[in-house]
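Note sheet for the following structure.
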Amino acid sequence: MRYPGEKYDRLTQGGCPFFDEDLTWAHDALVPQISTTLAAAARTGGAEFLDLSRAFEGREVCSDSTVQAGPGQQPSGSTSEWARFVTSGAGQGQRQESMHPNYYGQLALGTCLGLQLDRGRENHSCVNSAGSGPGAMRLRPVPAQALSRASAPPRTSSPQMPRLTSL
Numbered sequence: 001m002r003y004p005g006e007k008y009d010r011l012t013q014g015g016c017p018f019f020d021e022d023l024t025w026a027h028d029a030l031v032p033q034i035s036t037t038l039a040a041a042a043r044t045g046g047a048e049f050l051d052l053s054r055a056f057e058g059r060e061v062c063s064d065s066t067v068q069a070g071p072g073q074q075p076s077g078s079t080s081e082w083a084r085f086v087t088s089g090a091g092q093g094q095r096q097e098s099m100h101p102n103y104y105g106q107l108a109l110g111t112c113l114g115l116q117l118d119r120g121r122e123n124h125s126c127v128n129s130a131g132s133g134p135g136a137m138r139l140r141p142v143p144a145q146a147l148s149r150a151s152a153p154p155r156t157s158s159p160q161m162p163r164l165t166s167l
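Residue numbers (UniProt numbering): 1 to 167.
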């Protein structure tokens, strides 16, 4: 976590109004469950699956391995976040853009999709290369056991969410 502050200053100093425990839960439990559910849907529908759950690994909002672009920090595909920080701004579209891919994130996703289209009907996950820009995205085959887990019946309960503390 790049912003060690408490409560409101985490939002105002970098668009990161989340506690570390909540971010860890989302990364380790929620995102994998969403990916597994999507893989199962693709398998059921006979479609190939492109797992993007770790495409922004290390480039996420709040990541301590990236910097947020701003007046003193020019954006860079190899060092900047690939998603828009969280904002409480009242301008048109500002809140809706929060946590969505920015320019570099869109380039990365486009690279992933292009690579997938070139590979035919195979299942892959798309990952980035540390210290490289969006053009360095690469595909990895999705292991067969991951697909067999994805074909299992969906869970009836959600991942255990940590106790939420309001800011």
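Glycine included, C-beta positions come from ideal geometry on N, C-alpha and C.
On a predicted model such as this, the values are computed, not experimentally measured, just so you know.
Here's the rule I'm using: 16 or more other beta-carbon atoms within 10 Å means buried, otherwise exposed. How should Pro143 be labelled? That one is exposed.
Do Val127 and Arg138 have their C-beta atoms within less than 8 Å of each other? Yes; because the gap between Cβ atoms is below 8 Å, this pair is in contact.
Grab the span of the alpha helix (DSSP H) containing Val86 for me, first residue to last. Per DSSP, Val86 is not a residue of any alpha helix (DSSP H), being assigned neither H nor E.
Beta-carbon spacing of Val86, Gly15 below 8 Å: Between Val86 and Gly15, the C-beta gap is smaller than 8 Å, which places the two residues in contact.
On the DSSP letters alone, give me the boundaries of the beta strand (DSSP E) that Ser76 sits inside. Taken as a continuous stretch (DSSP letters only), Ser76 belongs to no beta strand (DSSP E), as it is neither H nor E.
For the 8 Å Cβ check, are there 3 or more pairs between the stretch 100–119 and the stretch 69–78? The stretch 100–119 and the stretch 69–78 touch, with no fewer than 3 CB-CB distances between them shorter than 8 Å.
Cut-off 7 Å between Cβ atoms - residues of its own chain near Arg59, not counting five sequence neighbours on either side: Within the same chain, and ignoring the five residues on either side of Arg59 in sequence, the residues whose Cβ sits closer than 7 Å to its Cβ are Thr66, Glu81, Trp82 and Asn128.
What number of angstroms, rounded off, separates the C-alpha of Gln33 from the C-alpha of Ala130? Their backbone Cα atoms lie some 25 Å apart in a straight line.
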